[in-house]
Structure formats: structure tokens, C-alpha cells
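As C-alpha cells, the structure follows; a few thoughts come after it.
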Amino acid sequence: MTRNLTLLTDLYQLTMMDGYLKNGKEKDIAVFDLFFRRNNIITYSVAAGLEQALDYVLNIRFEKQDIEYLRSLGLFDETFLSYLKNFRFTGDVYAVPEGTVVFPEEPIVTVRAPLLEAQFLETALLNIVNHQTLIASKSAKVAYAAKGDSVMEFGLRRAQGPDAGIYGARASVIGGCRSTSNVLAGQKFGIPVAGTHAHSWVMNFPTEYEAFSAYAKMYPDACLLLVDTYDTLHSGVPNAIRVFRELRAAGHEPKGIRLDSGDLAYLSKMARAMLDEAGFPDAIICASGDLDEYLINSLKNQGACINLWGVGTKLITSADMPALGGVYKLSALHTGDSEVPKIKLSDNSDKITNPGFKQVYRIYDNKTGKAEADLIALRDEVFDEKQPLTIFHPKDTWKKTTFTDYTMRPLSRLYIKDGKLLSPLPALTDICTYAEGEKESFWDEYKRPDNPHVYKVDLSQRLFDLKNQLISQIRENHG
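Have a look at this one:
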């Protein structure tokens with residue numbers, strides 16, 4: 103059953119709605135863009151959370167108890183409360199598909215709806231899309247560092263509450279993880295679940311060997327043993343090998359071992375040699391313990407013999423960047439038959455918004471099939487791919503690139519029209535396949551963890567001119 107998240111909002115959304123209603127703005131049509139701003143850490147992101155965001159939009163209902171609560175605040179009159187009783191979303195929602203690689207300033211979600219409806223969506227959409235996009239992006243970077251090895255999401259116990267653990271697991275799989283330890287997320291979304299045993303399992307038996315033997319008898323075809331409870335190389339690995347031989351004699355093959363502490367590069371190399379010498383060259387060596395993309399990359403560079411990674415805290419909390427920084431900004435307002443583009447100015451140039459009803463185009467080189475640049479344009483602009491296309495940096499306008507043999511792909515699609523979902527959303531497995539293709543379409547130079555190359559995100563000439571025209575007008579009027 104869908105939870106009613108209607109009151110998952112900031113109070114000022116409701117007070118603004120009340121004010122719009124009292125000022126006769128209920129028929130105005132607004133366009134809002136949800137996007138994130140650049141910072142010193144972010145390079146690219148993987149869009150996620152759209153399924154939950156659309157579910158929220160389609161199921162907004164002010165129940166009787168919601169109205170009673172709002173009445174008890176003493177802020178709203180009966181006219182506004184009566185309006186809320188029949189409140190439904192009747193507008194349009196455009197978005198990039200989940201799994202799309204996105205960059206700062208690019209609209210991930212665009213809402214075009216009656217002003218009161220569009221305004222109300224802000225808080226919940228940001229909450230849902232910010233979080234899942236953040237975790238999917240971290241997961242993508244961890245998976246890239248693993249260079250094709252499987253990554254398991256292990257973060258539930260360190261997540262910021264149940265929802266962060268559940269939806270973080272979903273987002274991590276979109277980003278590139280292959281499985282999760284989170285059983286509820288596995289049930290809810292069909293994600294493969296994975297895990298071994300804890301140190302406490304070993305400590306609950308008289309000896310390490312007896313603990314390993316008992317586990318192997320229960321799961322003879324899925325035996326992955328945690329070997330660092332007492333002494334990894336002098337006790338853990340030798341006892342694991344002893345149990346593996348017993349499994350093989352009984353007609354089963356072991357999965358491998360897990361390292362959770364110590365010098366993972368050294369221990370994995372020594373363990374690999376011991377396993378190989380004992381006749382188990384196919385045994386997996388799994389590593390866990392405060393891993394992230396930087397440590398995994400370092401271990402890879404050190405020649406660590408690890409081929410399965412369990413990543414928890416630093417993935418599920420996106421430890422180095424705990425918030426995406428997504429915002430939801432008004433970009434156009436329709437009053438009557440005319441559309442008026444809107445812009446927000448700031449002393450910080452990165453906070454000046456891009457006006458108008460927009461689309462983002464990804465430009466691909468036809469010879470390589472790789473993405474070369476993104477172009478943010480007004481939605482009614484038409485481009486002829488048979489003609490050369492010159493784009494320029496939105497600040498350093500002397501930096502220009504011309505494409506001659508290229509293809510342009512619009513990123514944003516219409517998902518909700520007049521309050522109705524246009525078609526069923528894709529399964530999570532299909533989202534993951536799409537996300538993998540998205541990441542593969544970018545050169546490694548843009549994805550490397552250290553000093554990545556800056557991907558071009560430019561404005562069309564029309565949008566650039568409109569933006570500067572509005573800036574000039576506002577400065578003249580308010581200067």
C-alpha cells in the first residue's frame with residue numbers, strides 16, 4: 103500500500119499556496135526545474151528516485167486528519183482548507199530516465215502545472231530525488247573503481263534511518279552495485295541479496311574451525327568464510343582451507359573468504375597464494391571495511407587480489423559529500439496566453455538560474471559513439487544534425503567546440519500529462535541496464551576518481567541570449 107506522504111513538505115509551501123490562492127494566482131501555470139549545483143567534489147551524477155517521486159505526485163491526497171492538523175495550527179482559513187480537500191496534481195512532469203548520467207545545472211525533473219500545484223511539489227521531490235541521486239552517484243564511482251568486480255551494498259546499519267537504507271540500496275544498484283545485504287530492499291525491489299557471517303558467529307563456537315565447519319554444513323554451496331576474527335594468515339585462512347577440502351570431498355565447491363580488517367592489499371595477496379597452493383584458485387576473496395572508491399582504486403593499484411567488494415558506510419551515507427545540493431527553481435510563468443521566462447539572480451554567479459522551459463541534449467560523436475558535450479536549450483528550439491554545431495562555454499565564451507559528424511539525443515521525457523501517468527515505468531533491472539549503457543558512453547577521463555576531465559555543459563545561443571537579456575533588464579529595473 104502506498105504511504106500517504108502528502109504532508110512531507112515544508113510549512114512555507116502551504117503558506118505560499120494560501121497566498122497565491124488569495125491573490126488570484128490559481129490559474130497561472132508555472133514551470134519549475136529540479137537540478138543540482140556544482141561544487142568542488144561533484145563531477146557527474148546518476149539520476150535516481152524518479153519512480154518514488156512520480157508515485158508521490160500521483161498519490162497526493164489531503165486526508166481528513168491532515169486537514170484537521172492544518173486547522174489546528176491556526177494559520178489557514180476555511181477557504182484554503184476546503185481547497186486542499188480536493189487537491190490533486192493535474193499538471194505535467196518531465197524528467198530524465200532513472201540511470202541517466204547528469205551534470206550540474208541540468209534539469210533532472212521539470213514540473214509544468216498550475217502554480218499552487220507546482221509549488222507544493224518542491225520539498226518532497228527534492229527529498230526523494232536528492233537522496234537517491236546522491237547514493238546512485240556514489241555507487242557509480244565505487245563500481246567504476248572496482249573495474250568490473252562485483253560490489254555488494256552493505257550499508258543498512260549505518261544508513262540515516264530505515265528509508266535511507268531501503269531507498270539507498272535501490273539507488274546503489276542503479277549506480278552499479280550488484281547486490282545488497284538489505285533483505286527488505288531485496289524483497290521490495292527484487293534486488294539480489296548477499297552476505298556471509300559476522301565475527302560473532304566465529305566467537306560463539308569453541309574454535310574457529312568448528313565455526314567454519316558448522317557454517318559450511320548449513321550452506322555447502324554458498325560458503326564464504328570471514329577469516330579475520332583472530333589471526334587472518336595463521337588461523338583464519340588455514341582453517342578455511344581445511345573446511346574447503348572437506349566441502350570438496352563431499353562434492354561441493356567453496357565460494358571463498360572475506361577480509362574485513364588489516365592491510366587488505368598484503369593480506370589478499372598472501373591469502374591468494376595460500377588458496378592457490380591448496381588447490382582453490384577459483385575461490386573468491388571478498389573485502390569489506392570502510393571502503394570507498396578511493397581506497398578501492400588504491401588497492402587495485404597495489405595489485406590486491408580482491409574480486410568482490412562489500413561497501414557500506416561510505417557508500418550509503420555518501421561520506422565525502424552527504425548532500426547533493428539539489429534545488430527547485432521557477433523558470434517560467436504562464437499568465438493568460440503568454441509565457442514569461444523567470445530568472446533568479448545572485449552575487450554568486452553559480453546560483454544564477456537558467457530561465458525558460460528547457461530541454462537538455464546530449465551530443466555524441468558518430469565515429470566513437472561517445473558523449474562529447476551536453477547542450478541546455480529552450481524546449482522549442484530545433485537543431486539540424488546535418489549542419490555543423492558550434493557550442494561555447496557559458497562563462498568563458500571564447501572556448502568553443504564545433505561538431506560536424508554528431509547525433510543529438512534529448513534527455514528529458516514526459517512522464518505525467520494532465521495528472522496522469524502516460525505509461526508503466528521500467529523494471530529496476532531495465533533501469534540498471536540503461537544506467538550501465540549511460541556510463542559506458544562516457545570516456546574514462548570523465549569518470550576517473552582523481553582529477554577527472556571537465557565535461558562540457560553549455561547553453562544554446564538562444565538560451566544564453568535570453569539569460570543575459572533578463573539579467574540586464576533586472577539590473578536596470580533594480581539597480
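For any residue, its number in this note's numbering is found by taking its place in the sequence shown, counting from 1, and adding 102.
We put the beta carbon where it would ideally sit given N, CA and C, even for glycine.
What did DSSP end up calling residue i once you bin it into helix, strand or coil?
| i | result |
| --- | --- |
| M103 | Unreliable placement is indicated for M103, whose pLDDT of 48 sits below 50; the coordinate value is still reported in the next sentence. Correct three-state label for M103: coil. |
| E441 | strand |
| P216 | strand |
| F346 | helix |
| H436 | strand |
| I493 | strand |
| S147 | strand |
| L361 | strand |
| K371 | helix |
| V85 | Lying outside 103 to 581, the shown extent of the chain, residue 85 is not represented and no answer is given. |
| R190 | coil |
| K453 | helix |
| T334 | helix |
| C534 | helix |
| V484 | coil |
| K501 | coil |
| K446 | coil |
| F566 | helix |
Let me check one thing: in DSSP terms, what residues is residue i bridge-paired to?
| i | result |
| --- | --- |
| W411 | V253, A389 |
| Y508 | D467 |
| Q461 | A479 |
| S281 | M254 |
| Y430 | L136 |
| G126 | For G126, which the question treats as bridged, DSSP gives no partner whatsoever. |
| L523 | I518 |
| A473 | Y466 |
| V211 | L136, A197 |
| V295 | T282 |
Determine the extent of the beta strand (DSSP E) in which residue i is found, giving its start and end residues.
| i | result |
| --- | --- |
| A132 | 131 to 138 |
| L326 | 326 to 328 |
| L561 | 558 to 561 |
Quick one: what's got a C-beta closer than 8 angstroms to residue i's C-beta in the same chain, skipping five residues either side?
| i | result |
| --- | --- |
| L523 | L156, L160, Y517 |
| W303 | A313, Y317, L328 |
| K187 | F164, I169 |
| F191 | V159, L160, I162, A215, E219, L223, I518, G521 |
| E310 | V304, T331, Y332, S337, G338, N341 |
Can you tell me where the alpha helix (DSSP H) holding residue i begins and where it ends?
| i | result |
| --- | --- |
| V195 | Where V195 is concerned, there is no enclosing alpha helix (DSSP H), although the beta strand (DSSP E) it sits in stretches over 194 to 197. |
| K187 | 180 to 187 |
| F314 | 310 to 320 |
| R173 | 166 to 174 |
| E395 | 395 to 403 |
| Q262 | Here Q262 belongs to no alpha helix (DSSP H), and DSSP marks it neither H nor E. |
| L156 | 152 to 160 |
| V244 | 224 to 247 |
| W303 | 301 to 305 |
| K549 | 546 to 549 |
Please return the same chain residues whose Cβ sits closer than 7 angstroms to the Cβ of residue i, not counting the five positions on each side in sequence.
| i | result |
| --- | --- |
| A242 | V148, G277, G278, K541 |
| W545 | K472 |
| F222 | T111, Q115, M119 |
| N141 | G427 |
| Y396 | P551 |
| T108 | I162, R163, F164, D168 |
| H292 | First, the residue type needs correcting, since residue 292 is Gly and not His in the sequence shown. Closer than 7 angstroms at the Cβ level, and outside the excluded window around G292, lie L530. |
| G358 | L326, A385, I386, I387, C388 |
My guess is that residue i and residue j are in contact by the Cβ rule of under 8 angstroms, so how many angstroms apart are they, rounded?
| i | j | result |
| --- | --- | --- |
| G428 | F134 | Going by Cβ atoms, the distance from G428 to F134 rounds to 12 angstroms, so no, they are not a contact pair. |
| G364 | S390 | Not really, about 12 angstroms apart at Cβ, beyond 8 angstroms. |
| A434 | K444 | 6 angstroms |
| L286 | L227 | No, L286 and L227 are not in contact; Cβ-Cβ is about 24 angstroms, not under 8 angstroms. |
| A273 | A215 | Contact doesn't hold; Cβ gap of about 26 angstroms is too wide. |
| Y463 | L477 | 5 angstroms |
| Q154 | Y269 | 7 angstroms |
| N335 | R360 | Going by the sequence as given, residue 335 is Leu instead of Asn. Not a contact, Cβ separation roughly 14 angstroms. |
| L432 | P496 | 20 angstroms between Cβ atoms; not a contact. |
| T503 | K558 | 7 angstroms |
| V204 | I210 | 6 angstroms |
For residue i, which residues from the same chain have a beta carbon less than 6 angstroms from its beta carbon, with the 5 sequence-adjacent residues on both sides left out?
| i | result |
| --- | --- |
| D323 | H354 |
| A150 | E200, Q234, T235, A238, A273, I276 |
| Y536 | G201 |
| E441 | A434 |
| F459 | V133, A434, R481 |
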